[in-house]
Amino acid sequence: MRRLGFVLSLLGCLLFVLGGMCTARAGTIKIGLMGPMTGSWASEGQEMKQVLDLLVEEVNAAGGINGQKVQLVVEDDGGDPKTAALAAQRLVTQGIVGVIGTYGSSITEATQNIYNEAKVIQIANGSTAIRLTEKGLKYFFRTCPRDDEQARVGVKAIKKLGFKKVAILHDNTTYAKGLAEETKHLLEKDGTVKIVFFDALTPGEQDYTAILTKLKSANPDGVFFTGYYPEAGLLLRQKKEMKWNVPFIGGDATNNPDLVKIAGVDAAAGFYFLSAPLPKDLPGKEAKAFLKKYAGKYGNPPNSIYAVLAGDGFRVLVKAIEETKSTDPDKLADYLHNKLKNFPGLTGTISFNEKGDRVGEVYRIYKVNEKGEFILQQ
Amino acid sequence: MTINRKKLYLIAVPILAIAPLVLNPYWTDVLNIVGLYALLGLSLNLIVGHAGLFNLGHAAFYAVGAYTAAILNTVFHIPILWLIPVSGFAAGLFALVIARPIIHLRGDYLCIVTIGVGEIVRIALVNDIFGITGGANGIFGISRPHLFGFVLRSPAHFYYYIWVFVFVTIFLFIRLENSRVGRALNYLREDEVAAESCGINIAHYKLVSFVIGAFWAGMVGNIFASKMTIISPESFSFWESVIMFTLVILGGAGSIEGVLLGAFLIIGLPEIFRGLADARMLFFGAAMIVMMIFRPEGLIPAGKRQYHIDMDRSQGESE
Amino acid sequence: MEEFLQQFINGLTVGGIYALIALGYTMVYGVLKLINFAHGDLFTIGAYLGFTLLTSFGLADKIGPFAAIAVLALMVMGLVAVIGIVLERAAYRPLRNSPRLSAVVSALGASIFFQNAVMLIYGARFHVYPQNLLPKIALNVFGLYVPFVKILVLVASVAMMVGLYVFIQRTTIGAAIRAAAIDQGAAKLVGIDVNGVITLVFVIGPALGGLAGLMVGLLYGQIKFTMGWLYGLKAFTAAILGGIGNIPGAMLGGLILGVVEALGSAYISIAWKDAIAFCVLILILIVRPTGLLGERVAEKV
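Okay, structure coming up:
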């Protein structure tokens, strides 16, 4: 019988804890942040939180939204669809008005229905897969552009740089593969550029010399790598060590100052990448003020463009609550769809179309110079 | 000293039956995940706990079941509930083909092969094998289960669906434990050589347990697919296999109640530790070590079985 | 042909690192019959400790790069060995007479613990070793690109392997280790300090893992808290491939794994590289159930 008691007391403890978790505070506006705080993408999630913490402080210091303080509710999605679905359920039960996040497309997708059924505004910051906004969900928005938009700019860059034979390398993640396939599709339709190589590397490894050797034997004029900055940095570095001089173009996931650190300044020089304009290149004063504050608080400028896009999601939501003087999801969604025009964001002007996608040409082409700085190309 | 099964279930079942009425949807959903892992744990328990095979690739069979259901449902629009046996069958067949040549491997060698199988399946899914798995995107738009015209939608609906399945599984597996197969498995786990010398065909029974375990994991894959409505390869990583394996050993290999408790802890603890933010997995790892040290046989170890012999017929009953 | 040779060399250099980590795996396994899943994370800790020591003391400027690396290697190996001993005392010793799979779960718990501890201490972002510490000499042999430093790593791991092998086979302490590996009870009876032997094994194994971490940091520059998981799995595969518990086997397994991966990505598909490596492993195990050089059949679980 002792063992039975042991089991029951454990079960009892569990239920007790479960029961004690439903408390809410009134008088504040709660905004959720769902991001990867643990797991492989933890650096992204933690930076998203830093950006939002700063913005929440700012809003509250200025008296809150319509006199009400903002409270940020953070949940960890672990970069995994199942954990994300639980995080979403948990956020929904805490009475949030809207949620910012999350990073990966398949992670976002696992939570879309939960938020939509609970009528919670969701503004994703790093989920670029095309299909997310093709479902006609009323409360879903995103501040990042879609893969097809980026692929279009990518093709433009490839042609502008005069490549005749191009190699496309992705890393088999949803995002990178989506971008790679979209680019391939556009290039094939166009017909002037030949694709001599199309394959995926395994992210998280460190030695890519085997892949570079194979790439080299395909003899491309340029390589379009659609994956993330850690692998891009290593590819550039090992390419340099191999003494192979071929231009590389990266997708917007390579936009991170750590790229230069990993590759080394001399290996990174000459690397092109696509990205939404960096805060330093924006004309608006919001972006500059934000950069200064962020650097003041955390000691360095934000590394990830997606964290800044999360900040934009938050600012747009705050704006909508201010303007509509309401937290009614239908009114907010209507405002974001139809009335919000050319909002000065941290990543350029923001408006949404009826699908919830950000409209306007967002992407620019950047080049890394000899000092390792990111220079906007005209 | 041992658990009184009947009393335990008499207390546990009513508590679980009313749980979704008092819990909010989030905690109901946590219990749903607990239920799914309890099912996966029970299926893996047949392989690890009963047959003593070191399987760290169980997610492969789970994946085969889930993808079978997802593909047949999205392409041919076959109702997902009808596909439960099909998912199980696909996973079982896959296990049979895989396990046949490797079943004779011992201990750690079998372990790395099962890890390898799990990784091969995952890589195949990511690379969109035969163009049917959707690559890293996975498959989306899987329909929810329709039960007599009623659509299972909310966490509470799935709660009853999953937990009824759990208790049916427990009932069947208790029957299995006390069957000829169950006793043979028990014997070969305790002493392979002695079992073989008593005329038990070791390879055959190991294979049987492997296939039944995989069959069950495949059916759970189907439930998972219909619950999430989207499945992608990251749900079937090596890490998933590790979780299933851990919950079986933590709870007590070979013990059904142990596996249930293991599932509660493995899923429940990280959720309870959410308050610790970034440090939650650190505490989880430490908790795993501490629990193993204090209860090395698992939290509820499998009891030694005794069989009473009646006057006219023999009947198995566990104490 | 030129591409084939180039890929072969690429594979050997990667395989050298796998082999170095696999040596540590196999040492611990040989004596304790325990798959030390935390070994990959000891490797990560080695890489991070190397980073801290390198950047905080500025050794390279004071005593020159090669002397600095030698000092660094000794310090990292010593520190990781200490962590290894603590790990054994805390997580494995209490479970020595328990079912073997319980110790495996404890090892998995330790792995999760270490990985998250590193994340909490250093943060989730990448860390980057100082550049240009190692001379970037690439030999050009008949048009092939041969990275000099990577060849040095390969030579170092072969030297380690030979050293360990001689140590185990020729010295008295080595004989004690072998005795404890075969039968701990009998070893105790003839007066061998089995606990001492196990502690020694947990000095050597983690030290080798830590050294491998340092080398990866120096070679590739970029380190992350999750990297040990992948390397650990690869090294475990390598150790099994060669026959776990067997020291030359770990070396052979590591090199074969590296070469299979490189050739697989060159001639079949990069994306399928790991699947190809596992297929080769499974085929080898079907033909040789105890690995290439393994003689003893593993204990039953």
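Chains as they are written, first to last, in my numbering: chain A, 1 to 378; chain B, 1001 to 1319; chain C, 2001 to 2301.
Every residue, glycine too, gets a C-beta built ideally from N, C-alpha and C.
Give the range of the alpha helix (DSSP H) segment to which residue i is assigned.
i, result
"phenylalanine 374/A", "Element bounds for phenylalanine 374/A: not the alpha helix (DSSP H) but the beta strand (DSSP E), 374-377."
"isoleucine 1202/B", "1202-1228"
"histidine 185/A", "174-190"
"aspartate 199/A", "No alpha helix (DSSP H) contains aspartate 199/A, which is instead part of the beta strand (DSSP E) from 194-200."
"lysine 288/A", "285-298"
"glutamine 122/A", "From DSSP, glutamine 122/A is part of no alpha helix (DSSP H) but of the beta strand (DSSP E) over 121-124."
"phenylalanine 1130/B", "Taken as a continuous stretch (DSSP letters only), phenylalanine 1130/B belongs to no alpha helix (DSSP H), as it is neither H nor E."
"alanine 1061/B", "Correcting the residue type first, residue 1061/B is phenylalanine in the shown sequence and not alanine. Taken as a continuous stretch (DSSP letters only), the alpha helix (DSSP H) holding phenylalanine 1061/B covers 1059-1076."
When you compare the CB positions of residue i and residue j, do they come within less than 9 Å of one another, or not?
i, j, result
"threonine 174/A", "glycine 104/A", "yes"
"alanine 2107/C", "alanine 2081/C", "no"
"serine 2265/C", "alanine 210/A", "yes"
"glycine 1141/B", "isoleucine 1230/B", "yes"
"glycine 79/A", "glycine 313/A", "no"
"valine 73/A", "glycine 32/A", "yes"
"phenylalanine 2167/C", "alanine 2022/C", "no"
"isoleucine 2182/C", "aspartate 1108/B", "no"
"glutamate 322/A", "isoleucine 65/A", "yes"
"leucine 2241/C", "leucine 2292/C", "yes"
"methionine 1244/B", "tyrosine 1037/B", "yes"
"alanine 2212/C", "threonine 202/A", "no"
"isoleucine 1018/B", "aspartate 2274/C", "no"
For a test of the three-state rule: what should DSSP assign to residue i, helix, strand or coil?
i, result
"methionine 34/A", "strand"
"proline 230/A", "helix"
"glycine 345/A", "strand"
"proline 1145/B", "coil"
"phenylalanine 1140/B", "strand"
"glutamine 2222/C", "strand"
"lysine 371/A", "coil"
"lysine 138/A", "coil"
"glutamate 75/A", "strand"
"arginine 1175/B", "helix"
"lysine 69/A", "strand"
"phenylalanine 2113/C", "helix"
"arginine 25/A", "At arginine 25/A, the pLDDT of 44 sits below 50, so the modelled position is not reliable; the number obtained from the coordinates is stated separately. Of the three classes helix, strand and coil, the one that applies to arginine 25/A here is coil, per DSSP."
"isoleucine 1231/B", "strand"
"phenylalanine 1273/B", "helix"
"leucine 2144/C", "strand"
"histidine 2127/C", "strand"
"isoleucine 2192/C", "coil"
"tyrosine 366/A", "strand"
Please return the same chain residues whose Cβ sits closer than 6 Å to the Cβ of residue i, not counting the five positions on each side in sequence.
i, result
"lysine 1006/B", "none"
"asparagine 255/A", "Phe273, Ser275 and Ile305"
"alanine 180/A", "Ile168, His170 and Thr226"
"aspartate 2041/C", "Ser2111, Phe2114, Gln2115 and Gly2228"
"glycine 345/A", "Asp312"
Could you pull out every residue in the same chain whose Cβ sits closer than 7 Å to the Cβ of residue i, ignoring the five residues on either side in sequence?
i, result
"isoleucine 2121/C", "none"
"glutamate 117/A", "none"
"phenylalanine 2004/C", "none"
"asparagine 1073/B", "Ile1080, Leu1083, Ile1142 and Ser1143"
"tyrosine 298/A", "Gln50"
"alanine 268/A", "Leu236, Leu259, Val260, Val368 and Gly372"
"leucine 52/A", "Leu33, Leu72, Ile100, Ala310, Gly311 and Phe314"
The beta strand (DSSP E) spanning residue i covers which residue range?
i, result
"histidine 170/A", "165-170"
"isoleucine 249/A", "248-250"
"serine 275/A", "272-275"
"valine 99/A", "98-100"
With residue i and residue j assumed to form a contact (beta carbons below 8 Å), what rounded beta-carbon distance in angstroms separates them?
i, j, result
"glycine 2245/C", "glycine 2294/C", "7 Å"
"leucine 2154/C", "leucine 2012/C", "6 Å"
"asparagine 303/A", "aspartate 258/A", "6 Å"
"serine 2269/C", "aspartate 199/A", "6 Å"
To which residues of the same chain is residue i closer than 8 Å at the C-beta, ignoring the five residues directly before and after it?
i, result
"lysine 2188/C", "Val2194"
"cysteine 1198/B", "Tyr1187"
Discussion item. Can you pull out the residues from the segment 1239-1260 of chain B whose beta carbon lies closer than 8 Å to at least one beta carbon of chain E?
Written reply: The structure shown has no chain E; the protein chains it does contain are A, B and C.
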